[in-house]
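Visitor: For what it's worth, the working numbering labels the leading residue of the sequence shown as 15, then goes sequentially. Quick reminder that beta carbons are idealized off the backbone N, C-alpha and C, glycines included. Since we're looking at a predicted model, the values are computed, not measured. What follows is a single structure, and I will ask about it in a moment.
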Amino acid sequence: MYWFAGISPEQAVAYRDHVRAREELELHKLARRMRETDGPIDAMDASFDSLVPLWKWFVDYALAGSPGVGEAEWMPFVARADTVDLPVQSSGGRRALVAAIGLEHYARLVLDRHDPPATWEVVSSVSRHGPEEPHQSTGVRCGAGPITVLTFVYPLARAVVHDRLHARRPDALLDRLLAQMSLPKAPRQRREASVLAPLVDTSPGVVPPQALVSPVWGWPAGWAYGGSSRPAAPPVGEAMTLWRGAPEHLEEPAKLSALPADEIAAALDRAGFLVQAGELDGAPLAGVSEEEVIELGHRHEVAQAGVLVADGAVRAIHVEPLQGPKDEWAALTRELGELARRLDARWLADADMD
């Protein structure tokens with residue numbers, strides 16, 4: 015995870031301006047790709063509900079190799095500050111991430127319809143602990159409310175290509191946006207005209223140079239892991255694992271005792287992780303015959319969690335600390351520690367497992 019707090023305010027503004035400048039171009043690309051693949055472009059009215067057919071189309075589009083996305087588009091994209099660290103090996107994965115840029119911008123249109131004006135701004139999140147993630151990231155401010163960072167679309171797009179069982183659900187994108195906004199459900203909205211269909215037969219006009227290449231290209235090496243003006247911030251704690259069974263069975267997860275998925279989902283949600291509705295339900299898990307790791311981000315980027323599923327059941331949780339306020343990390347580990355006690359499970363730092 016990149017530490018945006020380490021860049022200068024001027025660099026943060028330059029990146030925000032890059033995102034603002036590219037929006038028209040990226041929305042035109044999205045509209046063209048949907049039209050060329052017979053996607054549901056006429057349903058794209060910038061409503062929350064439109065995110066469901068949009069994501070259903072995107073899943074099919076990404077699995078088909080993201081036709082129309084050239085390999086040459088990957089290099090400018092790789093310089094994006096919030097995605098360059100994603101381990102994408104396949105060309106299909108790279109193309110999906112490129113195509114997902116348009117989804118990030120369409121999500122801003124959804125927010126703009128919901129609570130205008132929705133504008134790209136730089137996040138400022140500073141507490142008594144100092145700068146926190148996503149401090150100085152670029153996100154969307156609705157009205158006078160807080161800024162919503164939309165970069166979750168990129169790991170979600172990666173998960174589609176790499177067959178993460180939750181990412182291919184039609185409502186995965188909608189659920190993730192609602193979780194990011196702390197909304198219990200999508201607001202009811204009337205059907206309106208498509209905001210993308212008119213773009214198919216028009217030109218984006220003169221594209222400003224700053225829209226084509228991220229300013230990250232000009233930043234000093236190493237900025238992403240502590241910034242160009244400060245050393246890298248240390249993680250807030252130690253990596254930890256929760257499981258029930260013999261330690262040696264961590265190498266053969268199907269031999270670990272099954273953990274109750276509903277309790278696991280509820281505890282992870284209380285701990286701040288972004289658990290999509292139905293993501294850890296028994297029905298989708300039952301179809302997992304091989305090992306599968308469900309990756310979960312944290313609302314305040316304090317940690318990332320991997321829920322290990324094997325033979326149709328949750329077997330373990332691995333939590334990797336990032337950078338952030340230590341009191342939130344303490345609350346997270348306390349919640350999962352209490353879960354372990356209730357389940358008579360182990361909850362140990364990885365360093366103590368040797």
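Check whether the stretch 267-283 and the stretch 320-340 are in contact - that is, three or more C-beta pairs closer than 8 angstroms.
Guide: The answer is yes - the stretch 320-340 touches the stretch 267-283, with three or more Cβ pairs under 8 angstroms.
Visitor: Whole angstroms are fine: how far does the CA of residue 83 sit from the CA of residue 108?
Guide: Each residue's alpha carbon lies about 9 angstroms from the other.
Visitor: Does the beta-carbon distance from residue 346 to residue 285 come in below 8 angstroms?
Guide: The answer is yes: Cβ separation under 8 angstroms.
Visitor: Once you ignore the five residues that flank residue 153 on each side, which residues in its own chain have a CB closer than 6 angstroms to its CB?
Guide: Hits under 6 angstroms: 137, 161, 162 and 163.
Visitor: Using 8 angstroms as the threshold, is the stretch 61-77 in touch with the stretch 202-215, meaning 3 or more CB pairs across them?
Guide: The stretch 61-77 is in contact with the stretch 202-215.
Visitor: Determine the closest residue to residue 256 out of 348, 289 and 316, with distance taken between C-alpha atoms.
Guide: The candidate whose alpha carbon is nearest that of residue 256 is 348.
Visitor: Have a look at residue 305 and residue 323 and give me their C-alpha separation to the nearest angstrom.
Guide: Spanning the two alpha carbons is a distance of roughly 6 angstroms.
Visitor: Check for me: the beta strand (DSSP E) holding residue 57 runs from which residue to which?
Guide: From DSSP, residue 57 is part of no beta strand (DSSP E); its letter is neither H nor E.
Visitor: Output the residue ranges of the alpha helix (DSSP H) runs that lie fully inside the stretch 106-192 and measure 4 residues or longer, sorted by chain position.
Guide: The qualifying runs are 167-175.
Visitor: Contact defined as beta carbons within less than 8 angstroms: I believe residue 373 pairs with residue 277. What is the distance between those atoms, to the nearest angstrom?
Guide: The structure shown does not extend to residue 373, since the chain is modelled only from 15 to 368, so the question has no answer here.
Visitor: Could you check what DSSP says for residue 224 in three-state terms: helix, strand or coil?
Guide: If DSSP states are grouped into helix, strand and coil, residue 224 belongs with the helices.
Visitor: Looking at residue 120 and residue 400, is the spacing between their C-beta atoms short of 8 angstroms?
Guide: Summary: the structure shown does not reach residue 400, with the chain confined to residues 15 through 368, and so no result is reported for it.
Visitor: Which residue wins for smallest C-alpha separation from residue 22, given the options 57, 227 and 151?
Guide: Answer by Cα proximity: 151.
Visitor: Do you know whose CA, among 29, 74 and 46, lies nearest residue 225's CA?
Guide: Answer by Cα proximity: 29.
Visitor: Within a Cβ cutoff of 6 angstroms, which residues of the same chain sit near residue 287, ignoring the five residues on either side of it in sequence?
Guide: If we look at residue 287 and ignore the five residues flanking it on each side, its Cβ neighbours are 310, 312 and 319.
Visitor: Can you name, in chain order, every residue of its own chain whose Cβ lies under 8 angstroms from the Cβ of residue 89, other than the five neighbours on each side?
Guide: Note that residue 89 scores 44 on pLDDT, short of 50, meaning its location in the model is unreliable; the coordinates nonetheless yield the value given after this. Nothing listed; no residue qualifies.
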